[in-house]
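If you're matching them up, the sequences are chains A and B in order.
Be aware that the first sequence starts at 74, since it is given in my numbering, and climbs by one per residue.
Be aware that the second sequence starts at 74, since it is given in my numbering, and climbs by one per residue.
Yeah, the Cβ is synthetic: ideal placement off N, Cα and C, and Gly gets one too.
Protein chains: 2
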Amino acid sequence: MENQPQKPRVVIVGGGFGGLEAAKKLGDKPVEVTLIDRTNYHLFQPLLYQVATAALSPADIAAPLRAVLTDFRNIEVMFAEVTAIDVAAKRVSTTDREIPYDYLILATGSRHSYFGNDQWEKLAPGLKSLEDAVEIRRRLLMAFEYAEKIPDEAARRAAMTFAIIGGGPTGVEMAGAIAEIARYTLAKDFKHIDPSQARVILIEGDKRVLSGFPEDLSESALKQLREVGVEVITGVHASNLTEEGLEVKGEFIPCRVKIWAAGNTASAVGKSLGVAVDRAGRVIVNNDLTIPGRPEVQVIGDLAHFEHDTDEPLPGVSPVAMQQGRHAAQNILTMIEGLKPRRFWYRNKGSMATIGRNKAVADLNLAHLSGFPAWLVWLFVHILFLVGFRNRVAVLLQWAWAYVTFNKGARLITRNFQAEMRPPT
Amino acid sequence: MENQPQKPRVVIVGGGFGGLEAAKKLGDKPVEVTLIDRTNYHLFQPLLYQVATAALSPADIAAPLRAVLTDFRNIEVMFAEVTAIDVAAKRVSTTDREIPYDYLILATGSRHSYFGNDQWEKLAPGLKSLEDAVEIRRRLLMAFEYAEKIPDEAARRAAMTFAIIGGGPTGVEMAGAIAEIARYTLAKDFKHIDPSQARVILIEGDKRVLSGFPEDLSESALKQLREVGVEVITGVHASNLTEEGLEVKGEFIPCRVKIWAAGNTASAVGKSLGVAVDRAGRVIVNNDLTIPGRPEVQVIGDLAHFEHDTDEPLPGVSPVAMQQGRHAAQNILTMIEGLKPRRFWYRNKGSMATIGRNKAVADLNLAHLSGFPAWLVWLFVHILFLVGFRNRVAVLLQWAWAYVTFNKGARLITRNFQAEMRPPT
Chain A
74 MENQPQKPRV
84 VIVGGGFGGL
94 EAAKKLGDKP
104 VEVTLIDRTN
114 YHLFQPLLYQ
124 VATAALSPAD
134 IAAPLRAVLT
144 DFRNIEVMFA
154 EVTAIDVAAK
164 RVSTTDREIP
174 YDYLILATGS
184 RHSYFGNDQW
194 EKLAPGLKSL
204 EDAVEIRRRL
214 LMAFEYAEKI
224 PDEAARRAAM
234 TFAIIGGGPT
244 GVEMAGAIAE
254 IARYTLAKDF
264 KHIDPSQARV
274 ILIEGDKRVL
284 SGFPEDLSES
294 ALKQLREVGV
304 EVITGVHASN
314 LTEEGLEVKG
324 EFIPCRVKIW
334 AAGNTASAVG
344 KSLGVAVDRA
354 GRVIVNNDLT
364 IPGRPEVQVI
374 GDLAHFEHDT
384 DEPLPGVSPV
394 AMQQGRHAAQ
404 NILTMIEGLK
414 PRRFWYRNKG
424 SMATIGRNKA
434 VADLNLAHLS
444 GFPAWLVWLF
454 VHILFLVGFR
464 NRVAVLLQWA
474 WAYVTFNKGA
484 RLITRNFQAE
494 MRPPT
Chain B
74 MENQPQKPRV
84 VIVGGGFGGL
94 EAAKKLGDKP
104 VEVTLIDRTN
114 YHLFQPLLYQ
124 VATAALSPAD
134 IAAPLRAVLT
144 DFRNIEVMFA
154 EVTAIDVAAK
164 RVSTTDREIP
174 YDYLILATGS
184 RHSYFGNDQW
194 EKLAPGLKSL
204 EDAVEIRRRL
214 LMAFEYAEKI
224 PDEAARRAAM
234 TFAIIGGGPT
244 GVEMAGAIAE
254 IARYTLAKDF
264 KHIDPSQARV
274 ILIEGDKRVL
284 SGFPEDLSES
294 ALKQLREVGV
304 EVITGVHASN
314 LTEEGLEVKG
324 EFIPCRVKIW
334 AAGNTASAVG
344 KSLGVAVDRA
354 GRVIVNNDLT
364 IPGRPEVQVI
374 GDLAHFEHDT
384 DEPLPGVSPV
394 AMQQGRHAAQ
404 NILTMIEGLK
414 PRRFWYRNKG
424 SMATIGRNKA
434 VADLNLAHLS
444 GFPAWLVWLF
454 VHILFLVGFR
464 NRVAVLLQWA
474 WAYVTFNKGA
484 RLITRNFQAE
494 MRPPT
């Protein structure tokens, strides 16, 4: 630790889309890179909802960081949790040791926000990590198992009612996937219940679902959601979440499984930098991604609040994080040459959300697609960007199988289930 | 529950190899079948070590019981845990309710036995369930991550020493797979350690590994294990297991990860029947698989102690369980016709164990195979018997990928890792 290497030392915190792109860009460049993450894998978050709905296995959408970066001799992967950052001393503290840096890229992302109702987290888990996804999968499958066994009609209906809170892309995708699993995959597997009678309710506080999309696509998404049997309620907030259900517009809806897709808050590390953050805890960055007064520190992805030409900060999506990751890496190479970091421009190539089999919306700027064509584009883009050849083939194969048979393979209930087997009283 | 159905009611407890075969055999027959399991899937246990060593995902070797049996309208799958069996009242109690039966097949299998040292379970987990496999995978991968970070040379060596206690098929397979992952898969992924320097120690109390196999194959297995770099110690028992290591022949071996593959004890349900059990808790069954005095109750698989022509009970392997499952089902159909249950004969088609890439032994009765031919037979048989077309294709694809690239895809460390990150002190 004492003998400083000759080459500038770059520390990247976070191996998500932003951090990984930055690392790759710095591979084989005249810098020593340490990539720190508290998991040992890069997670392809856009497909996390497919793990939560039993279509894919965790390993299908996760690639070991060491394996992805194994060919770059100047990149070290460190499996550790960052506990503090001392920007004055240029030092990152982890659970194991302190790491000095010449340049720092912070890409630690975000978690769910329950808007002050933190007690809701256990009642309505969000979907950010593999652990979240496996927990939601367990709750979904357990709800049907429970409904199959319980003689009480009201309890059975509550077990077969699923509420998704938040109508952004994640909420829309979860609602569509749950409706499909109930109507097709599980339809014939039970003797005492008819899974296709399950209620799936999507609750969005805004006036429309996918409020970040153009209005015509929101409307199309709404129509497609209703086609797969999702009940969509907009313009209201869910409240009074309990084990037994939740309240919408003064009406109590008994429901066992609740899923949170309503809000994000940036990783706490942003607040420790001593610079301004927005209401969601995101670091307000300069237009070159550096933080005020510290050009050697850059913040990217979900952790950054970057205002382009509008007053709206860039959304927390993977293309933003990836472009910022590459830009931050290039900035470092530029600064090493004694030049100033350059302004970041986001090239928006569009956005997409899928509702189910042959159902999606895609905003490609020049064209708005709905239904089958949008779904094909979604499929193509997601396979294209999925990390690692092995993962691509494995996922394609499982999708093809599921498409032909309506079956989903990863329907495993793991971990201790005893607590879940009792009525929620 | 009150209105007894016209058709005889068969309850099968356990959806492993024995229980599942029995259920399939009774599918569409004039009986009402309830299959009870405390997991919602059938587990292909012979490949569990591949989940533990990051080659396969849990879902690759598990098939949802409901999906496997969905076409049989006379079979109900119940996801519950059996708490007691009242053979006088012909009733099975579960965590949810009581289920009456006319015929009962018990196939609840076995767990590890620590021979009275139950405190060793946490120190050296065994390999029976998916949870076990994921936990062992986590410990293996964490050991390398820990070694990469720790500056202390002795602690690093302890982290890179792996002890497998028990040299039966499971122990041999685990030892071979760990040696391979260290030498090939992880070889280039670290900067501060050389994973190929890992020590893998296999400890067997008997004079030879694979003591259930013919002697020439034991010797061949020993040779092949040494070829992949496994240190084999036979004729001694491991003792004094602690966090820091274990003792063999009076010598203390510092090692962080210990895996138990040394002994089994039958599921506790066997002892509750009121009939004789052997030392391992297995129910001593009649030669027709029924229990003394209760022809309507049959016990099969790992839970049964069945003596064929010799004094040795049949081994706890899947072919025995499957043949007994089919036989027990046929016995029920025979008894329904008013005839007596028939004697069970085991047709031993051979046994196999794999050591690694191109390395295995196979006892096919007429021929003893070693190395590549044995490995090919092993591959063929395991793919052939893997439940479900989807699982077969997924596993084949991943094996092909791993064979060509030496890579393993499922290298995920999940769950809270904080506790593991500290030195074991």
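If you look at S291 of chain A, you'll find it in the alpha helix (DSSP H) that goes E288 to E300.
Take D267 of chain B, set aside five residues on each side of it, and the residues of its chain with a beta-carbon closer than 8 Å to its own are A260, in chain order. Close to Y114 of chain A, with beta-carbon spacing below 7 Å, are these residues of chain B in chain order: L485. Chain-ordered listing is empty here: chain A has no CB closer than 8 Å to the CB of V245 of chain B, the nearest sitting near 25 Å. Residues of the segment 212 to 230 of chain A that bring their beta carbon within less than 7 Å of a beta carbon in chain B comprise L214, E218 and K222, in sequence order. Distance from the CA of A128 of chain B to the CA of V358 of chain A, rounded to the nearest whole angstrom, comes to 42 Å. Here A426 of chain A is near V245 of chain A, since their CB atoms are less than 8 Å apart. Listed along the chain, the chain B residues whose CB falls inside 7 Å of the CB of W472 of chain A amount to none; the nearest CB is some 12 Å away. Using beta-carbon distances, K163 of chain B does not count as an interface residue toward chain A, since no partner is under 8 Å. Of all residues in the segment 125 to 137 of chain A, only A127, L129, S130, P131, A132, D133, A135, A136 and P137 come within less than 9 Å of chain B when Cβ atoms are compared, listed by chain position.
Contact with chain B is found for R139 of chain A, since one of that chain's Cβ atoms lies less than 8 Å from the residue's Cβ.
According to DSSP, residue pairing for T363 of chain B in a beta bridge involves B:Q371. Shown here, A426 of chain A sits in a strand according to DSSP, grouped into three states. A contact between stretches requires three or more CB pairs, one per stretch, nearer than 8 Å, and the segment 221 to 235 of chain A meets this requirement with the segment 326 to 340 of chain A.
The beta-carbon of E149 of chain A is placed less than 8 Å from the nearest beta-carbon of chain B. Non-local beta-carbon contacts of S424 of chain A in its own chain, meaning distances under 6 Å to residues more than five positions away in sequence, involve D436 in chain order.
Under DSSP, M151 of chain A takes part in a beta bridge, and its partners are A:I109. Chain-order list of chain B residues neighbouring N480 of chain A: A140 and R463, by C-beta distance under 8 Å. With a threshold of 8 Å between beta carbons, F152 of chain A makes contact with chain B. For T143 of chain B, the nearest CB of chain A lies under 8 Å from its own CB, placing it at the interface with that chain.
At least one CB of chain B lies nearer than 8 Å to the CB of K261 of chain A.
At a beta-carbon threshold of 8 Å, the residues of chain B lying near A467 of chain A are A467, L470, Q471 and G482, ordered along the chain.
The alpha helix (DSSP H) runs lying completely inside the segment 232 to 289 of chain B and spanning 4 residues or more are 242 to 253, given in chain order.
Interface criterion not met: the Cβ of K280 of chain A is under 8 Å from no Cβ in chain B. Residues of the segment 263 to 275 of chain A whose Cβ lies closer than 8 Å to any Cβ of chain B, in chain order: F263 and K264.
Annotated as proximal: P81 of chain B and D175 of chain B, with beta-carbon spacing under 8 Å.
For H455 of chain A, the uninterrupted alpha helix (DSSP H) segment begins and ends at G444 to F458. In the DSSP annotation of this structure, Y187 of chain B is not part of any alpha helix (DSSP H), being labelled neither H nor E. Between A349 of chain A and L362 of chain A a beta carbon distance of about 15 Å is seen, past the 8 Å cut, so the two are scored as non-contacting. If you draw a 10 Å sphere on the C-beta of D101 of chain A, you find fewer than 16 other C-beta atoms in it, and that means exposed. Ranking B:W448, B:I409, B:N337 and B:R415 by CA distance to the CA of V390 of chain B puts B:N337 first. Look at D169 of chain B: its C-beta is under 8 Å from a C-beta on chain A. Under the three-state reduction of DSSP output, D159 of chain B falls in the strand class. For A440 of chain B, the three-state secondary structure derived from DSSP is coil. The three-state secondary structure of G398 of chain B, taken from DSSP, is helix.
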